[in-house]
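Numbering (my numbering), first residue to last: 18 to 201. Notes for the one structure printed next.
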Amino acid sequence: MNGLDEKQLAKLKELLLTEKHDIDRHFLMEAVDGTTAIADDTGELSSYDNHPADLGTETFERERDAAIDQRYFERRDDVERALAKMEDGTYGLCEISGEPIGYDRLEAMPAARYSIAHVPNEETATGDYRPVEEDVMTQPPSGAGEHRQRQAGRFDDADAWKTLEEYGNASDTQATGLETNQDR
């Protein structure tokens, strides 16, 4: 048994149905807006004669919308799975241990599949996640950039003059035709 009484189950079912309704409304509103060709969105006749950066914002927004839609699809699947579990009597049980999931957790996340102790690492927002690109990157050689790091923030006016002095100044013979301005 999942340790939930009828009142708690009714409240959780209401939360799940509300969330499902919100997700369905998202897709309904998107269907009304419709997916349009990029030419219709931008007013351009063709994207071939434009620099790729000209359509960068539109491309970004389409990719972002696709990612949001994918997350909504996944979330709707989670909600439908939870509602099906309510029907067959397994709702509120951890899929790994079979132990009851706490009511507080279910109230916060009605579609939760795992107890807190058994949440897989890939489902947690925190953890040791690192970008996949780091798997193929090599470490820089030892000492690379250390001198630059030590000198960071230490460029003052005197250092600026020493650096620029070799390029000359208004007192040089090149600018005035004399040896120095003091010789005039």
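Even glycine gets a Cβ: it sits at the ideal position worked out from N, Cα and C.
| Check | Outcome |
| --- | --- |
| contact_flag[the stretch 109 to 117, the stretch 75 to 89] where n(CB pairs < 8 angstroms) is 3 or more | no |
| C-alpha distance - Asp86 paired with Lys37, whole-angstrom precision | 14 angstroms |
| Where Leu181 sits in the DSSP three-state scheme | helix |
| Boundaries of the alpha helix (DSSP H) in which Glu104 is found, first to last residue | 73 to 105 |
| Helix, strand or coil at Leu110 [DSSP, three-state] | strand |
| Member of Met154, Glu116, Asp94, Ala129 whose CA lies at the smallest distance from the CA of Leu29 | Ala129 |
| Leu32 beta carbon less than 8 angstroms from that of Pro137 | no |
| Boundaries of the alpha helix (DSSP H) in which Asp121 is found, first to last residue | 120 to 125 |
| Assigned exposure category for Arg201 - 16 Cβ within 10 Å defines buried | Residue placement at Arg201 cannot be trusted, given a pLDDT of 48 that sits under 50; what the coordinates show is reported in the next sentence. Under this definition Arg201 is an exposed residue. |
| Pairwise C-alpha distance: Glu80 and Asp41 | 20 angstroms |
| Classification of Asn223 by the beta-carbon crowding that lies within 10 angstroms, buried from 16 upward | Residue 223 lies beyond the residue range present for the chain, which begins at 18 and ends at 201; the question has no answer from this structure. |
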